[in-house]
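Residue numbers (the UniProt record's numbering): 1 to 271.
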């Protein structure tokens with residue numbers, strides 16, 4: 001890929017990793033229609049995902065630090081109730097992550113095969129549109145993320161597991177599942193982003209051997225994609241949190257329907 005293509009792919013990754021339109025689905029369709037990207041270039045994709053992972057870590061650095069401190073604060077302190085809530089939130093995040101892992105273990109082979117099926121990816125974008133559209137109409141019951149319960153955490157984790165399918169948005173699905181449990185809209189956004197950390201990290205670690213094939217002459221391209229995905233991803237997080245709070249995700253649903261339908265028509269026509 002040329003440097004321009006790398007920058008475009010980095011921007012695309014940063015935009016679509018967090019907004020509910022499926023980054024993997026867009027990458028599959030971009031590769032199919034425009035030849036942008038390389039299905040064999042796993043290292044480059046890992047660099048871009050690391051960029052969006054860094055965006056989450058930087059944006060939520062204070063929250064993450066508070067969660068970490070609470071894991072080691074068990075004494076009778078002034079903030080013991082807040083520490084208890086933080087530990088409970090970490091517990092639910094772990095439960096959700098484990099549920100995602102189970103889904104991947106059971107259906108991972110099929111999910112990876114879908115990356116070579118652009119028609120199915122386009123159909124899944126239509127499904128994402130439905131999920132995102134419906135999520136705007138879930139009533140905010142004001143339940144804090146630390147009070148959602150075990151089964152609800154499992155449900156959210158299953159939603160994230162299903163979203164491994166390209167075309168199904170991870171953020172859209174986890175936010176919709178969180179809102180369906182009655183979670184506060186702001187907490188639903190934060191929960192989705194925090195839950196993305198182990199998911200993205202696990203996805204990269206599973207391909208760690210690919211770094212052995214790192215070509216030094218392409219390192220500039222890899223770093224360019226990394227920087228673009230980080231910067232754009234960081235800006236998108238704040239933007240999306242605000243949209244979730246005011247129930248404005250339905251616009252992304254319309255976008256998913258348009259892109260999905262257009263892709264299906266073009267694929268049928270042989271493009």
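Beta carbons are placed, not taken as given, at the ideal position from N, Cα and C, and that holds for glycine.
Given the structure is predicted, the values throughout are model-derived calculations rather than measurements.
Listed in chain order, the alpha helix (DSSP H) runs fully inside the segment 46–120 are 61–71 and 80–113, counting runs of at least 4 residues. Taking the Cα of residue 112 as reference, the smallest distance to any Cα among 24, 256 and 183 is reached at 24. In the three-state DSSP reduction, residue 237 falls in the helix class (H, G or I). Around residue 203, the same chain offers 49 as residues with beta carbons nearer than 8 angstroms, after the five sequence neighbours per side are excluded. Distance check between residue 114 and each of 4, 28 and 187 places 28 closest, using alpha-carbon atoms only.
Ranked by how close their Cα comes to the Cα of residue 253, the residues 13, 46, 194 and 127 have 127 in first place. With fewer than 16 other beta carbons inside 10 angstroms of its own, residue 72 counts as exposed. In the DSSP assignment, residue 33 falls within the alpha helix (DSSP H) that extends over 23–34. Rounded to whole angstroms, the separation of the alpha carbons of residue 238 and residue 226 is 19 angstroms. The residue among 153, 201, 196 and 6 with its C-alpha nearest the C-alpha of residue 180 is 153. Taking a C-beta distance under 8 angstroms as the contact criterion, residue 86 and residue 96 do not qualify as a contact pair. Contact between residue 55 and residue 172 is ruled out by a C-beta separation of about 18 angstroms, above the 8 angstroms threshold. The three-state secondary structure of residue 143, taken from DSSP, is strand. Taking C-beta atoms as the reference points, residue 145 and residue 187 count as a pair closer than 8 angstroms. By the criterion of a C-beta distance shorter than 7 angstroms, residue 66 is surrounded in its chain by 86, once the five residues flanking it on both sides are discounted.
Between residue 246 and residue 8, the alpha-carbon positions lie close to 30 angstroms from each other. The beta carbon of residue 166 is closer than 6 angstroms to those of 24, 25, 28, 114, 115 and 121 in its chain, skipping five residues each way along the sequence. For residue 178, the CB contacts under 7 angstroms within the same chain, skipping 5 residues up- and downstream, are 156, 188, 191 and 192 in chain order. Looking at 12, 130, 174 and 90, the one whose alpha-carbon comes closest to that of residue 257 is 130. Spanning the alpha carbons of residue 255 and residue 135 requires a straight line of approximately 15 angstroms.
Closest by C-alpha distance to residue 108, out of 89, 61 and 161, is 161.
Between residue 175 and residue 53, the C-beta spacing is not below 8 angstroms. Within the model, the alpha-carbon separation for residue 149 versus residue 143 is close to 10 angstroms.
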